[in-house]
Amino acid sequence: MFRPYNQKIISAQEQIEFISRLNDLITHGFTISEAFRFLVKQTTFRKNIIKEKILTTINSGASCHQILKSLNFPQSVVMFIYFAELFGDLSSCLTHVQTYLERNYQAKKMLLKTIQYPIVLITIFIIMLIAINYTIIPQFNDLFKTMEVKLSPLQQFMSLFITFLPVIFIYTILILIILTVICWMIYHRLTIPQQIKFMQFIPIIKHYFSLFKTYRLASEFSLFYRHGVTLQNIVKLYNLQEDDLYLKYLAEQIAQGTQQGDTLGTILSNISCYQADLITFITQGEQSGKLGLELQFYSTIIRTKIEQRMKRQIKIIQPVTFVILAFLIIALYLVIMLPMFELIQTIK
Numbered sequence: 001m002f003r004p005y006n007q008k009i010i011s012a013q014e015q016i017e018f019i020s021r022l023n024d025l026i027t028h029g030f031t032i033s034e035a036f037r038f039l040v041k042q043t044t045f046r047k048n049i050i051k052e053k054i055l056t057t058i059n060s061g062a063s064c065h066q067i068l069k070s071l072n073f074p075q076s077v078v079m080f081i082y083f084a085e086l087f088g089d090l091s092s093c094l095t096h097v098q099t100y101l102e103r104n105y106q107a108k109k110m111l112l113k114t115i116q117y118p119i120v121l122i123t124i125f126i127i128m129l130i131a132i133n134y135t136i137i138p139q140f141n142d143l144f145k146t147m148e149v150k151l152s153p154l155q156q157f158m159s160l161f162i163t164f165l166p167v168i169f170i171y172t173i174l175i176l177i178i179l180t181v182i183c184w185m186i187y188h189r190l191t192i193p194q195q196i197k198f199m200q201f202i203p204i205i206k207h208y209f210s211l212f213k214t215y216r217l218a219s220e221f222s223l224f225y226r227h228g229v230t231l232q233n234i235v236k237l238y239n240l241q242e243d244d245l246y247l248k249y250l251a252e253q254i255a256q257g258t259q260q261g262d263t264l265g266t267i268l269s270n271i272s273c274y275q276a277d278l279i280t281f282i283t284q285g286e287q288s289g290k291l292g293l294e295l296q297f298y299s300t301i302i303r304t305k306i307e308q309r310m311k312r313q314i315k316i317i318q319p320v321t322f323v324i325l326a327f328l329i330i331a332l333y334l335v336i337m338l339p340m341f342e343l344i345q346t347i348k
């Protein structure tokens with residue numbers, strides 16, 4: 001079955017501010033309902049009916065994670081808040097969530113800032129190329145035919161390439177969009193094990209998939225172990241999560257593995273979507289009896305890895321785009337000027 005797309009009720013920036021203010025209010029003695037009621041009344045929504053529904057949810061005595069779910073916060077955030085509520089660790093969890101949302105927002109902002117300039121340049125170049133193809137190049141072609149200027153095979157190829165480049169570009173974009181939609185549809189029809197295998201076949205994305213899954217598990221397990229929750233109880237908690245099929249699958253795998261006498265590290269390595277060093281940290285933590293703290297530190301390491309990988313790859317986008325544009329501009333120049341030089345030689 002397809003999962004419905006949840007449109008954001010408030011923007012990513014507003015979500016960060018919302019969590020920050022919620023944490024401040026709770027720290028200063030507000031109850032959950034009082035804090036949410038105050039914040040919702042101060043928040044601008046697209047429709048008044050949305051505000052009314054959320055206020056109704058608050059007045060019905062909903063918990064923190066339920067209210068955040070009604071505000072369409074990310075599922076991973078909702079689940080982390082849910083687990084924190086169980087152990088009375090909401091305040092520190094809200095700080096963690098705020099940092100998580102802020103870093104996600106900054107990463108997306110950096111990506112958009114990096115790609116918007118190349119996109120504008122490419123768009124301007126394609127529009128200019130379309131105009132040249134319909135105005136200048138036909139006139140030059142007529143002139144060359146009249147003067148019987150013969151083009152070399154390379155010149156003919158470059159001329160055809162420049163002529164059809166806008167069409168190639170548009171069709172490439174359309175094909176990429178269609179492929180993305182098809183992949184999204186296929187992914188959400190698969191079972192959890194199939195989804196994991198599917199993601200492992202997609203270049204670049206497979207690394208982020210593994211890093212994010214590892215980061216989430218390390219964050220949640222560090223919370224559990226720091227509050228003395230046993231692995232058996234973690235399985236029970238995950239089994240209750242009807243909105244997150246991945247957690248239910250993880251619970252099944254852990255339950256089966258423990259019945260067979262496998263360690264947690266062995267079970268997670270068999271799932272094959274986690275970073276290899278996670279297993280090392282878990283083994284060390286189990287031996288030292290400080291698994292909760294080690295996973296907490298490890299989650300910060302993984303978060304840093306994600307940010308560093310994104311920065312490295314984002315930095316490549318602009319130089320590559322500029323090189324491609326430079327090549328295309330030179331090709332356009334040669335398509336026009338090389339026949340002109342031959343024409344001048346013919347006239348001489």
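Every letter in the sequence shown is one number past the one before it in full-length UniProt numbering, and letter 145, counting from 1, is 145. Using N, Cα and C, we set each Cβ at its ideal position, and we do this for glycine too.
Legend entry - Selection from I170, Q232, T321, T163 that minimises the alpha carbon distance to I119: The residue with the shortest Cα to Cα distance from I119 is T321.
Legend entry - Same chain, Cβ closer than 7 Å to D244, neighbours up to 5 away in sequence not counted: Q75, M79
Legend entry - Beta-carbon proximity list for Y246, same chain, < 6 Å, skipping 5 on both sides: I192
Legend entry - Residues near residue 350 in its chain [Cβ-Cβ closer than 8 Å; skip 5 each side]: Because residue 350 is not part of the residues shown, which for the chain are 1 to 348, the question remains open.
Legend entry - Beta-carbon proximity check, L293 vs A84, cutoff 9 Å: no
Inset, instruction - Note down the Cα distance separating I19 from M185, rounded to an integer number of angstroms. - result: Their backbone Cα atoms lie some 32 Å apart in a straight line.
Inset, instruction - Please confirm whether I122 and F157 have their CB atoms less than 9 Å apart. - result: no
Inset, instruction - Only counting runs of 4 or more residues, tell me where the alpha helix (DSSP H) segments fall wholly within the region 111-149, in order along the chain. - result: List check, alpha helix (DSSP H) in window: 136-146.
Legend entry - Extent of the continuous alpha helix (DSSP H) run through K236: Residues 231-239.
Inset, instruction - Check Y5 in the structure and name its three-state DSSP category. - result: At Y5 the pLDDT is 46, less than 50, meaning the model places this residue with poor confidence and gives no usable figure here.
Inset, instruction - Keeping to the same chain, check which residues put their C-beta closer than 6 Å to that of M199; ignore five residues upstream and five downstream. - result: Closer than 6 Å at the Cβ level, and outside the excluded window around M199, lie K206, F209.
Legend entry - Option nearest I58 by Cα separation, candidates F36, S219, L174: I58 has its Cα closest to that of F36, out of F36, S219, L174.
Inset, instruction - Just mark F297 as buried or exposed, buried being the case when its beta carbon has 16 or more other beta carbons within 10 Å. - result: Its Cβ having fewer than 16 others within 10 Å, F297 is exposed.
Legend entry - Beta-carbon gap between C273 and I196 smaller than 9 Å: yes
Legend entry - Beta-carbon proximity check, residue 351 vs G285, cutoff 9 Å: A query on residue 351 cannot be resolved here, the shown segment of the chain reaching from 1 to 348 and no further.
Inset, instruction - To the nearest angstrom, report how far apart L39 and H28 are at their CA atoms. - result: 14 Å
Legend entry - Length at least 4, wholly inside the region 11-79: the alpha helix (DSSP H) runs in chain order: 12-27, 32-42, 48-59, 64-70
Inset, instruction - Taking 9 Å as the cut-off, decide whether the C-beta atoms of L217 and I306 are in contact. - result: No. Outside cutoff.
Legend entry - Where I189 falls, given that 16 or more other Cβ within 10 Å makes a residue buried: What sits at residue 189 in the sequence shown is Arg, not Ile. So R189 counts as exposed.
Inset, instruction - Starting from C183, follow the alpha helix (DSSP H) in both directions and report where the run begins and ends. - result: 153-189
Inset, instruction - Using alpha carbons as the reference points, say which of Q275, F221, D89 lies closest to K290. - result: F221
Inset, instruction - Please classify K248: does DSSP put it in a helix, a strand, or coil? - result: helix
Inset, instruction - Note down the Cα distance separating R3 from Q66, rounded to an integer number of angstroms. - result: Low confidence applies to R3: its pLDDT is 44, below 50, so where it sits in the model is not reliable, and the reading given next is rough at best. Computed Cα separation, rounded: 19 Å.
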